[in-house]
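K.L.:
Chain order of the listed sequences is A and B.
Sequential numbering from 1 applies to the first sequence in the numbering used here.
Sequential numbering from 1001 applies to the second sequence in the numbering used here.
The beta-carbon is built from N, C-alpha and C at its ideal position, and this holds for glycine as well.
A quick note: this is a predicted structure, and the numbers were derived from the prediction, not measured.
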Amino acid sequence: MSDIKSDPHRPALHRREDHAPGDEPLEDSGHWIYNANLGLGFSIVLTAAAFFLAGSHIIYGPSIPVALIVLAVAQMGVHLVFFLHITTGPDNTNNVLALAFGVLVVFLIGAGSIWIMDHLNQNMMPMDQMMQMQR
Amino acid sequence: MSDMGLPASVGAIRRVREDPHRLGHRAHGAGEDMEGTGHGTSGPATKRIIVGYGFWIFLLSDIVMFSCFFAAFAVQRGATAGGPSIGQIVDIRRVGFETAALLLSSYTCMLSFAATNRRNLLWTQVFLFVTGLLGLIFVLLELQEFIELAGKGITPQRSGMLTSFFGLVGLHGLHVTLGGVWLATMMAQVQIKGFRREIVHRLICFNLFWHALDIVWIGIFTIVYLIGSGA
């Protein structure tokens, strides 16, 4: 079944290539380093921009949180693509679907909590009135 | 003989060679199912893909847990109970150093995996060690921050905001610490057992874990520290 000639890491050049089921190819390291460099470059730029914007007055003050969140989302995307290797390739279909569901749950938890708690907060009776009623 | 399908891994080798960046442009048409992915008639997916998928599900559940802590912080942000606000306890310089350490550790972690793919033991170990060192720097900086705050009487029980702050940041720090323990274990396993298939699969999972920690940290330094320091 697995003699030395069917070693997947040394593909036979002239004969028919033969492997046991489930064997995996030895991958090249080049594109991993290339991706890592790209990812690091993008991340440094985005992080530096975020730290710079947070302490500056270059853009309109109230819009700074929005800009920071946009930068954060962009950087998460960079990490997903270049570090976690989430792609649109067919070997990644399930990962992408799971990610989409995860993002949905995270959004519901975050936005839902903020929305509901803010709503409750606004409808709550001021504390002094509540004390009056309890007397 | 010529119409006989090649084994899945041969197709995978070809795919990696022809499409090294995995952009996933597959040829369309009959009988063009991508080999090794478990689609169509191409046979079962390779174990490497299945292991990665399973761990990815775990990571997403971990991120959902973090999102609960994020939501708690967002809701409790103004609940200072007369104590210090978030803007008063942020040391932005230290956060910058922490961010740099974690980002660089993510980078070296990936370099170690590139070395793993080349089956180079020395560089795998060197980059794993550097990754662990940067992770340690991160944890120590965070510990220093917590001890300084505690010295000023700023503890989790002071206010609702501080409870959620220490909960969120501390949970992430705990993850990095446990990741460091995992990293040390992996270094020992790689050294003793070599690049056996299951060891490489564990290294893949460790890589995913470490990068996911960095993604969570992006959320923390943006939502807690940067936006907090401005307000």
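From the DSSP output, in three-state form, read off His85(A) for me.
P.N.:
Counting from one through the first sequence, the residue named residue 85(A) turns up at place 85. Three-state result, His85(A): coil.
K.L.:
If you draw a straight line from the C-alpha of Gly1087(B) to the C-alpha of Arg1119(B), how long is it?
P.N.:
Stepping through the second sequence from its first residue, residue 1087(B) is reached at position 87. Stepping through the second sequence from its first residue, residue 1119(B) is reached at position 119. Going by the C-alpha atoms only, they are around 48 Å apart.
K.L.:
Can you look up Pro65(A) in the DSSP assignment and give me helix, strand or coil?
P.N.:
Locating residue 65(A) in the first sequence gives position 65, where the first residue counts as 1. Correct three-state label for Pro65(A): helix.
K.L.:
Note down, in chain order, each residue of its chain lying with its Cβ closer than 6 Å to the Cβ of Ser1164(B), except the 5 sequence neighbours on either side.
P.N.:
Here residue 1164(B) corresponds to residue number 164 of the second sequence, with the count starting at 1. Correct list, in chain order: Ala1072, Phe1073, Gln1076.
K.L.:
For His119(A), count the other beta carbons within 10 Å of its own beta carbon; 16 or more makes it buried, fewer makes it exposed. Which is it?
P.N.:
Start at 1 with the first residue of the first sequence, and residue 119(A) comes out as number 119. By the 10 Å Cβ count, His119(A) comes out exposed.
K.L.:
Quick one: does Phe51(A) have its CB under 7 Å from some CB of chain B?
P.N.:
Taking the first residue of the first sequence as position 1, residue 51(A) is located at position 51. With 7 Å as the cut-off, Phe51(A) counts as an interface residue toward chain B.
K.L.:
Would you kindly work out how many angstroms separate the C-alpha atoms of Val1064(B) and Ala1212(B), rounded to a whole number?
P.N.:
Counting from one through the second sequence, the residue named residue 1064(B) turns up at place 64. Counting from one through the second sequence, the residue named residue 1212(B) turns up at place 212. Computed Cα separation, rounded: 12 Å.
K.L.:
Compare the C-beta of Leu1226(B) with all C-beta atoms of chain A and state if any pair is closer than 7 Å.
P.N.:
Position 226 of the second sequence, counting from 1, holds the residue named residue 1226(B). It does: the Cβ of Leu1226(B) has a partner Cβ on chain A nearer than 7 Å.
K.L.:
What's the call for Tyr1225(B), buried or exposed, on a 16-neighbour Cβ count within 10 Å?
P.N.:
Reading the second sequence from its first residue, position 225 is the one you call residue 1225(B). Classification for Tyr1225(B): buried.
K.L.:
With three or more beta-carbon pairs closer than 8 Å as the criterion, would you say the region 44-51 of chain A touches the region 1117-1133 of chain B?
P.N.:
Touching, no, given that fewer than three Cβ pairs across the two stretches are closer than 8 Å.
K.L.:
Please state the DSSP three-state secondary structure of Gln1157(B).
P.N.:
If you number the second sequence from 1, residue 1157(B) lands on position 157. The answer is coil: DSSP assigns Gln1157(B) none of H, G, I, E or B.
K.L.:
Establish whether the CB of Gly110(A) and some CB of chain B are separated by less than 7 Å.
P.N.:
Here residue 110(A) refers to the residue found at position 110 of the first sequence. Yes, Gly110(A) counts as interfacial toward chain B.
K.L.:
Just checking my contact of Asn95(A) with Trp1210(B) at CB under 8 Å: how many whole Å lie between their CB atoms?
P.N.:
Here residue 95(A) is taken as the residue at index 95 of the first sequence, counted from 1. Here residue 1210(B) is taken as the residue at index 210 of the second sequence, counted from 1. That belief does not hold up - the Cβ atoms of Asn95(A) and Trp1210(B) are roughly 17 Å apart, past 8 Å.
K.L.:
Which same chain residues end up closer than 7 Å to Leu80(A) when comparing Cβ atoms and leaving out the 5 residues on each side of it in sequence?
P.N.:
Here residue 80(A) is taken as the residue at index 80 of the first sequence, counted from 1. Excluding residues within five positions, the ones whose Cβ falls inside 7 Å are Ile86.
K.L.:
Does Gln137(A) come within less than 7 Å of chain B when only Cβ atoms are used?
P.N.:
This structure does not reach residue 137(A), given that chain A is present from 1 up to 135, and the question cannot be answered.
K.L.:
Mark Asn35(A) as exposed unless 16 or more other C-beta atoms lie within 10 angstroms of its C-beta, in which case mark it buried.
P.N.:
For the purposes of this step, residue 35(A) is identified with residue 35 of the first sequence, where counting begins at 1. So Asn35(A) ends up on the buried side.
K.L.:
With DSSP as the reference, label Val1051(B) as helix, strand or coil.
P.N.:
Mapped onto the second sequence, residue 1051(B) falls at position 51. The answer is helix: DSSP assigns Val1051(B) an H, G or I state.
K.L.:
Going by other Cβ atoms of all chains shown within 10 Å of its Cβ, with 16 needed for buried, is Met1174(B) buried or exposed?
P.N.:
Here residue 1174(B) corresponds to residue number 174 of the second sequence, with the count starting at 1. Strictly speaking, residue 1174(B) in this sequence is Leu, with Met absent from that position. Leu1174(B) comes out exposed.
K.L.:
Is the shortest distance between the beta-carbon of Cys1205(B) and the beta-carbons of chain A less than 7 Å?
P.N.:
Along the second sequence, one-based indexing puts residue 1205(B) at 205. Not one chain A Cβ lies under 7 Å of Cys1205(B).
K.L.:
Measuring alpha carbon to alpha carbon, tell me which residue in Leu1178(B), Phe1206(B), Val1176(B), Thr1177(B) is nearest Val1190(B).
P.N.:
Taking the first residue of the second sequence as 1, we reach residue 1190(B) at position 190. Of the candidates Leu1178(B), Phe1206(B), Val1176(B), Thr1177(B), the one whose C-alpha sits nearest the C-alpha of Val1190(B) is Phe1206(B).
K.L.:
For Thr1222(B), count neighbouring Cβ atoms within 10 angstroms of its own Cβ and tell me buried if that reaches 16, exposed if not.
P.N.:
Within the second sequence, numbered from 1, the residue matching residue 1222(B) stands at position 222. Buried.
K.L.:
Would the beta-carbon of Gly110(A) fall within 7 Å of that of Ser1067(B)?
P.N.:
On the first sequence, position 110 is the one that residue 110(A) refers to. On the second sequence, position 67 is the one that residue 1067(B) refers to. Their beta carbons are under 7 Å apart, which means Gly110(A) touches Ser1067(B) by this criterion.
K.L.:
When you compare only the Cα positions, how much space is there between Gly1135(B) and Leu1103(B)?
P.N.:
Your numbering for residue 1135(B) matches position 135 in the second sequence. Your numbering for residue 1103(B) matches position 103 in the second sequence. Whole-angstrom Cα-Cα distance: 10 Å.
K.L.:
Secondary structure at Pro1044(B), three-state DSSP: helix, strand or coil?
P.N.:
In the second sequence, residue 1044(B) corresponds to position 44, counting from 1. Coil at Pro1044(B), not helix or strand.
K.L.:
Exposed or buried, what is Met133(A) when buried is set at 16 or more other beta-carbons lying within 10 Å of its beta-carbon?
P.N.:
Position 133 of the first sequence, counted from the start, is the residue given in the question as residue 133(A). Exposed: under 16 other Cβ atoms inside 10 Å.
K.L.:
Straight-line CA distance for Val106(A) to Phe82(A)?
P.N.:
Your numbering for residue 106(A) matches position 106 in the first sequence. Your numbering for residue 82(A) matches position 82 in the first sequence. C-alpha separation (whole angstroms): 22 Å.
K.L.:
At what residues does the alpha helix (DSSP H) containing Asn1120(B) begin and finish?
P.N.:
Residue numbering aside, residue 1120(B) sits at position 120 when the second sequence is read from its first letter. Neither: Asn1120(B) is in no alpha helix (DSSP H) and is coded neither H nor E.
K.L.:
Under 7 Å between beta-carbons, which chain A residues line up against Thr1099(B)? List them in chain order, please.
P.N.:
Numbered from its first residue, the second sequence carries residue 1099(B) at position 99. Residues of chain A passing the Cβ test: Thr47.
K.L.:
Cα-Cα, which of Gly1170(B), Leu1178(B), Arg1197(B), Leu1203(B) is closest to Met1186(B)?
P.N.:
On the second sequence, residue 1186(B) is found 186 positions in, with the first residue counted as 1. Met1186(B) has its Cα closest to that of Leu1203(B), out of Gly1170(B), Leu1178(B), Arg1197(B), Leu1203(B).
K.L.:
Which chain A residues are close to Trp999(B), counting only those with a beta carbon under 7 Å from its beta carbon?
P.N.:
A query on residue 999(B) cannot be resolved here, the shown segment of chain B reaching from 1001 to 1231 and no further.
K.L.:
Are there three or more Cβ pairs, one per stretch, closer than 8 Å when the region 57-70 of chain A is compared with the region 1092-1108 of chain B?
P.N.:
Too few Cβ pairs lie closer than 8 Å, so no.
K.L.:
Is His1028(B) close to chain A? Criterion is C-beta to C-beta, closer than 7 Å.
P.N.:
Counting from 1 along the second sequence, the entry for residue 1028(B) is found at position 28. Reliability of the predicted coordinates at His1028(B) is poor, the pLDDT of 43 falling under 50, and the value obtained from them is presented with this limitation in mind. Chain A, which has no Cβ nearer than 7 Å to the Cβ of His1028(B), makes this no.
K.L.:
Report the start-end ranges of each beta strand (DSSP E) in the region 1057-1096 of chain B that is 3 residues or longer and not cut off at the edges.
P.N.:
Correct list: empty.
K.L.:
Pull up the distance between the alpha-carbon of Gly1029(B) and that of Arg1196(B), whole angstroms please.
P.N.:
Counting from one through the second sequence, the residue named residue 1029(B) turns up at place 29. Counting from one through the second sequence, the residue named residue 1196(B) turns up at place 196. In this prediction, Gly1029(B) scores a pLDDT of 42, lower than 50, which makes its location untrustworthy; the coordinate-derived value is nonetheless stated afterwards. Straight-line Cα distance between these residues: approximately 37 Å.
K.L.:
Please report the Cβ distance between Ile1220(B) and Val1169(B), rounded to the nearest whole angstrom; I am assuming they are in contact, meaning their Cβ atoms lie under 8 Å.
P.N.:
Along the second sequence, read from residue 1 onward, the residue named residue 1220(B) stands at position 220. Along the second sequence, read from residue 1 onward, the residue named residue 1169(B) stands at position 169. Between Val1169(B) and Ile1220(B) the Cβ distance is about 6 Å, and since that is below 8 Å, they are a contact.
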